[in-house]
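Q: Numbering (UniProt numbering), first residue to last: 10 to 461.
By construction, the Cβ of each residue, glycine as well, lies at the ideal position given by its N, Cα and C atoms.
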Amino acid sequence: YAYCLGKVIGAQGIADKELVDLSAKVAQVHQRLGEQRQAGDLGFMDLPDQPAQLLETILEEAARLSSIADDLVVLGIGGSALGATAVDMALKGALRYAQPAGPGGMRLFVADNSDPRFFGSLLDRVDLERTAFAVISKSGSTAETMSQFLVVKELLERRLGKEETLRRLVFITDPAKGNLRLIAKEEPVPILSVPPNVGGRYSVLSPVGLLPLACAGHDIQALLAGAGAMAEACASPELEKNPAYMLAALNYGFYQRGRNVLVMMPYATDLFGLAQWFAQLWAESLGKAQSLDGSTVNLGQTPVAAVGATDQHSQLQLYMEGPQDKLIMFLTLGNYGRDLSIPDLYPRIDALSYLGGRSLAELVQAEARATAAALASQGRPSYSLRLPAIGPEVLGEVIYLLELATVMTGGLLNINPLDQPGVELSKKLSYGLMGRKGFEAEAKQMRSLDAG
Ligand code: PA5
10 YAYCLGKVIG
20 AQGIADKELV
30 DLSAKVAQVH
40 QRLGEQRQAG
50 DLGFMDLPDQ
60 PAQLLETILE
70 EAARLSSIAD
80 DLVVLGIGGS
90 ALGATAVDMA
100 LKGALRYAQP
110 AGPGGMRLFV
120 ADNSDPRFFG
130 SLLDRVDLER
140 TAFAVISKSG
150 STAETMSQFL
160 VVKELLERRL
170 GKEETLRRLV
180 FITDPAKGNL
190 RLIAKEEPVP
200 ILSVPPNVGG
210 RYSVLSPVGL
220 LPLACAGHDI
230 QALLAGAGAM
240 AEACASPELE
250 KNPAYMLAAL
260 NYGFYQRGRN
270 VLVMMPYATD
280 LFGLAQWFAQ
290 LWAESLGKAQ
300 SLDGSTVNLG
310 QTPVAAVGAT
320 DQHSQLQLYM
330 EGPQDKLIMF
340 LTLGNYGRDL
350 SIPDLYPRID
360 ALSYLGGRSL
370 AELVQAEARA
380 TAAALASQGR
390 PSYSLRLPAI
400 GPEVLGEVIY
410 LLELATVMTG
420 GLLNINPLDQ
430 PGVELSKKLS
440 YGLMGRKGFE
450 AEAKQMRSLD
460 AG
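#1: CA-CA distance, Gly267 and Glu293?
#2: Between the C-alpha atoms of Asp228 and Val160, what's the straight-line distance to the nearest angstrom?
#3: Since Gln157 is in the beta strand (DSSP E), which residue starts that stretch and which ends it?
#4: Residues around ligand 1, please: the condition is that the C-beta lies closer than 6 Å to some non-hydrogen atom of it.
#5: Should the region 172-184 be called in touch with the region 130-150, which here means at least 3 C-beta pairs below 8 Å?
#6: So Phe339 is in the alpha helix (DSSP H); what residue range does that whole segment cover?
#7: Starting from Arg378, trace the beta strand (DSSP E) in both directions and tell me its first and last residue.
#8: Measuring straight from C-alpha to C-alpha, what distance separates Ala78 and Arg126?
#9: One question on the structure: do Ala236 and Ala284 come within less than 7 Å of each other, judged by their Cβ atoms?
#10: Starting from the Cα of Pro430, find the closest Cα among Ser300, Lys250, Arg176, Leu51 and give me that residue.
#11: Please go through the same chain and pick out, in chain order, the residues whose beta-carbon is closer than 6 Å to the beta-carbon of Thr341, but skip the five residues on each side of it.
#12: Please report how far the alpha carbon of Arg389 lies from the alpha carbon of Leu336, in whole angstroms.
#13: Flag this pair as yes or no: are the beta carbons of Glu402 and Ala231 separated by less than 7 Å?
#14: CA-CA distance, Ala110 and Ala72?
#15: Three Cβ pairs or more, each shorter than 8 Å: is that satisfied between the region 46-61 and the region 401-419?
#16: Alpha carbon to alpha carbon, what distance is there between Tyr211 and Leu290?
#17: Thinking C-alpha only, which one of Gly262, Pro332, Glu371 is nearest Leu422?
#18: Can you list, in chain order, the residues of its chain whose CB lies under 6 Å from that of Ala20, leaving out five sequence neighbours each side?
#19: Identify whether Phe128 lies in helix, strand or coil by the three-state DSSP scheme.
#20: Taking the alpha carbon of Leu442 as the reference point, which residue from Asp459, Asp428, Val432, Leu427 has its own alpha carbon closest?
#21: So, for Gln45: in the same chain, excluding its five sequence neighbours on each side, which residues have a beta-carbon less than 7 Å away from its beta-carbon?
#22: Using only alpha-carbon positions, find the residue among Leu256, Ser148, Thr66 that is nearest to Glu433.
#23: Let me confirm a value: Tyr363 is counted as buried when at least 16 other C-beta atoms fall within 10 Å, else exposed. Which label applies?
#24: Cα separation between Ala36 and Ala257?
#25: Considering only DSSP beta bridges, list what Phe180 is partnered with.
#26: Give the DSSP bridge partners of Tyr392, in chain order.
#27: Compare the beta carbon distance of Asp348 and Gly365 with 7 Å and say whether it is the shorter of the two.
#28: Given a threshold of 16 other Cβ atoms within 10 Å of its Cβ, counted over all protein chains shown, does Tyr328 qualify as buried or as exposed?
#29: Taking a contact to mean a Cβ-Cβ separation below 7 Å, would you say Leu165 touches Thr154 in this structure?
#30: Are the beta-carbon atoms belonging to Gln310 and Tyr264 less than 7 Å from one another?
#31: For Asp25 and Gln321, what's the separation of their Cα atoms in angstroms?
#32: Using the rule of at least 16 other Cβ atoms within 10 Å of the residue's Cβ for burial, across every protein chain shown, is Lys162 buried or exposed?
#33: Tell me where the beta strand (DSSP E) around Lys299 begins and ends.
#34: Kindly indicate which residue of Val198, Asp428, Gln157, Leu191 has the alpha-carbon position closest to the one of Ala298.
#35: Taking the alpha-carbon positions, what's the Gly343 to Ala398 distance?
#36: To the nearest whole angstrom, what separates the beta carbons of Tyr409 and Met255, a pair I think is in contact under 8 Å?
In structure tokens form, the structure reads like this:
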């Protein structure tokens with residue numbers, strides 16, 4: 010597998026002995042995860058091995074949409090959005106919208122906010138005659154996504170007529186229930202399923218991520234192959250032989266010592282979406298009030314998405330001299346896929362001439378090493394995931410690695426990494442405020458809060 014977990018550096022590193030002590034606990038959680046998987050609760054672990062028939066259906070639907078549209082707008086939020094952005098941004102680049110759609114696949118816009126200023130301007134900018142919409146909601150009831158769907162449907166019907174509107178849509182939702190299923194029974198919109206045992210933030214390798222990514226022209230088979238390779242590499246119950254468990258043990262060990270903040274800092278602008286995807290995965294999975302035995306614990310390590318070298322010139326000051334509560338996870342690249350050499354234009358100016366003849370890749374790699382060393386000099390720990398390059402296989406590996414590390418960390422913390430009661434509560438209170446039937450108690454709760 011194509012990554013390497015670098016040495017942890019920093020005066021407060023985890024000693025080998027501590028890892029040995031943790032290995033028994035890791036093996037116990039491994040067994041519990043195995044039982045949960047057997048019981049069908051860890052569906053994300055099966056995603057690398059999806060039936061060929063399903064992949065064919067996804068590719069066919071992507072081909073259909075690409076034949077009628079240049080742009081695909083994803084209407085979805087949270088786990089129904091962040092994975093597609095992460096992979097599309099990594100593979101096409103952060104500046105992907107600066108060029109028109111071409112043979113490389115559709116342009117992918119992920120509209121993960123019902124903020125009218127943002128969503129309105131997106132609708133103004135795309136050519137509706139050449140745009141398709143993927144409505145992605147596992148529950149089929151999330152207010153942000155469903156309201157966007159209603160706005161878009163009316164707009165398309167006015168512009169293109171009812172029949173053409175249905176051709177521009179695809180739904181991705183629960184296989185049996187929810188409003189999108191209900192609508193698709195009456196209106197023939199193509200519909201793909203989110204496996205019921207795969208939660209939103211673990212769903213990027215299901216149709217939730219695969220359909221938009223296939224539309225955008227990405228090699229989804231390579232993505233899954235990478236995830237499969239990582240699944241194989243992470244089969245062992247032994248901490249030292251399982252990179253996902255090692256990652257979990259390190260993060261858990263540092264969290265136990267008061268490292269309450271985990272900063273993911275890729276040294277590549279195009280990987281910023283991946284850091285944001287990880288922030289959701291880590292926060293929503295591990296931020297929990299209750300432990301598995303029902304006691305109140307209020308646990309969780311706060312994730313922060315940063316990017317190097319950019320944030321060396323902003324957040325780094327805090328990481329160097331602020332509270333001793335942070336652990337930094339660097340993502341470094343062996344090969345940037347391209348490089349620019351730096352010309353020696355001013356040989357007589359020492360402060361510039363040392364750059365002449367070097368390259369931008371050399372510089373950014375040096376920046377990553379220098380930042381890790383600077384942190385270590387102040388007793389601040391960091392480690393690196395070293396990726397050979399950005400590509401679909403590597404992304405599949407990293408995605409699976411981080412997902413498995415997350416559920417292992419949840420096990421070590423003795424919390425449930427698969428639920429999200431806090432997120433659900435805010436959804437319900439919004440339903441109450443907006444007058445949804447069945448949420449009168451939440452509406453009342455909001456009125457009393459407002460009065461207070
Ligand atoms: O990870 C999760 O479960 C959440 O972030 C959901 O993905 C998010 O709330 C959207 O839910 P849905 O897909 O039901 O619209």
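A: In brief:
#1: The residue you call residue 267 lines up with position 258 of the sequence shown. The residue you call residue 293 lines up with position 284 of the sequence shown. One alpha carbon belongs to Gly267, the other to Glu293, and they sit about 20 Å apart.
#2: Within the sequence shown, residue 228 is the residue found at index 219, counting from 1. Within the sequence shown, residue 160 is the residue found at index 151, counting from 1. Roughly 32 Å separates the two Cα atoms.
#3: Within the sequence shown, the letter at position 148 stands for residue 157. Counting along the chain, Gln157 falls outside any beta strand (DSSP E), though it belongs to the alpha helix (DSSP H) covering 152-169.
#4: Qualifying residues, in the order they occur: Ile86, Gly87, Gly88, Ser89, Ser146, Lys147, Ser148, Thr151, Thr154, Gly208, Gly209, Arg210, Glu293, Gln429, Val432.
#5: Enough Cβ pairs lie closer than 8 Å, so yes.
#6: Residue numbering aside, residue 339 sits at position 330 when the sequence shown is read from its first letter. Looking at the DSSP string, Phe339 is not in any alpha helix (DSSP H); the run it does join, the beta strand (DSSP E), is 335-342.
#7: By one-based count along the sequence shown, residue 378 stands at place 369. No beta strand (DSSP E) holds Arg378; the alpha helix (DSSP H) holding it covers 369-386.
#8: Counted from its first residue, the sequence shown places residue 78 at position 69. Counted from its first residue, the sequence shown places residue 126 at position 117. Their backbone Cα atoms lie some 24 Å apart in a straight line.
#9: As a working mapping, residue 236 is identified with position 227 in the sequence shown. As a working mapping, residue 284 is identified with position 275 in the sequence shown. Contact flag unset, no.
#10: Position 421 of the sequence shown, counting from 1, holds the residue named residue 430. With distances taken between Cα atoms, Pro430 lies closest to Ser300.
#11: One-based indexing of the sequence shown puts residue 341 at position 332. Closer than 6 Å at Cβ, skipping near neighbours: Tyr276, Ala377, Ser393, Arg395.
#12: Indexing the sequence shown from 1 puts residue 389 at position 380. Indexing the sequence shown from 1 puts residue 336 at position 327. Between Arg389 and Leu336, the C-alpha separation is close to 7 Å.
#13: In the sequence shown, counting from the first residue as 1, residue 402 sits at position 393. In the sequence shown, counting from the first residue as 1, residue 231 sits at position 222. Going by beta carbons, Glu402 and Ala231 fall inside the 7 Å limit.
#14: Numbered from 1 along the sequence shown, position 101 holds the residue referred to as residue 110. Numbered from 1 along the sequence shown, position 63 holds the residue referred to as residue 72. Ala72 has its alpha-carbon roughly 15 Å from the corresponding atom of Ala110.
#15: Touching, yes, given that three or more Cβ pairs across the two stretches are closer than 8 Å.
#16: If you number the sequence shown from 1, residue 290 lands on position 281. If you number the sequence shown from 1, residue 211 lands on position 202. The straight-line gap from Cα to Cα measures roughly 7 Å.
#17: Locating residue 422 in the sequence shown gives position 413, where the first residue counts as 1. Taking only the C-alpha atoms, the option nearest Leu422 is Gly262.
#18: As a first step, residue 20 is located in the sequence shown; it is residue number 11 there, counting from the start. Confidence is the limiting factor: at Ala20 the pLDDT is only 44, short of 50, which leaves the residue's position unreliable, though a coordinate-based value still follows. Correct list, in chain order: Gly388.
#19: The residue you call residue 128 lines up with position 119 of the sequence shown. In the structure shown, Phe128 adopts helical secondary structure according to DSSP, grouped into three states.
#20: Against the sequence shown, residue 442 aligns to sequence position 433. For the options Asp459, Asp428, Val432, Leu427, the alpha carbon positioned closest to that of Leu442 is the one of Asp459.
#21: As a first step, residue 45 must be located in the sequence shown, where it is residue number 36. Scanning its chain for C-beta atoms nearer than 7 Å, with the 5 sequence neighbours on each side dropped, one finds around Gln45 the residues Leu51, in chain order.
#22: Translated into positions along the sequence shown, residue 433 becomes position 424. Selected option, being the one with the closest Cα: Ser148.
#23: Against the sequence shown, residue 363 aligns to sequence position 354. Counting every other CB atom within 10 Å of its CB across the protein chains shown gives Tyr363 a total below 16, marking it as exposed.
#24: Taking the first residue of the sequence shown as position 1, residue 36 is located at position 27. Taking the first residue of the sequence shown as position 1, residue 257 is located at position 248. A straight-line Cα-Cα distance of about 12 Å links Ala36 and Ala257.
#25: Looking up residue 180 in the sequence shown gives position 171. DSSP output for Phe180 lists Val144, Ile200 as bridge partner(s).
#26: The sequence position of residue 392 within the sequence shown is 383, counting from 1. BP columns for Tyr392 point to Met338.
#27: Residue 348 sits at position 339 when you count from the first residue of the sequence shown. Residue 365 sits at position 356 when you count from the first residue of the sequence shown. Cβ distance not < 7 Å, so Asp348 and Gly365 don't count as in contact.
#28: Here residue 328 refers to the residue found at position 319 of the sequence shown. Burial of Tyr328 is indicated by the presence of at least 16 other C-beta atoms within 10 angstroms of its C-beta.
#29: Start at 1 with the first residue of the sequence shown, and residue 165 comes out as number 156. Start at 1 with the first residue of the sequence shown, and residue 154 comes out as number 145. No, these two residues do not count as a Cβ contact at 7 Å.
#30: As a first step, residue 310 must be located in the sequence shown, where it is residue number 301. As a first step, residue 264 must be located in the sequence shown, where it is residue number 255. A contact, by the Cβ cut-off of 7 Å.
#31: Residue numbering aside, residue 25 sits at position 16 when the sequence shown is read from its first letter. Residue numbering aside, residue 321 sits at position 312 when the sequence shown is read from its first letter. Computed Cα separation, rounded: 30 Å.
#32: As a first step, residue 162 must be located in the sequence shown, where it is residue number 153. Classification for Lys162: buried.
#33: Residue 299 sits at position 290 when you count from the first residue of the sequence shown. Per the sequence presented here, residue 299 reads as Gln, with Lys not at that position. Counting along the chain, Gln299 sits inside the beta strand (DSSP E) bounded by residues 297-299.
#34: For the purposes of this step, residue 298 is taken as the residue at position 289 of the sequence shown. When only C-alpha atoms are compared, the closest one is Asp428.
#35: The residue given as residue 343 occupies position 334 in the sequence shown. The residue given as residue 398 occupies position 389 in the sequence shown. So the alpha carbons of these two residues sit roughly 6 Å apart.
#36: For the purposes of this step, residue 409 is identified with residue 400 of the sequence shown, where counting begins at 1. For the purposes of this step, residue 255 is identified with residue 246 of the sequence shown, where counting begins at 1. Under the criterion of beta carbons closer than 8 Å, Tyr409 and Met255 do not qualify as touching, at roughly 14 Å.
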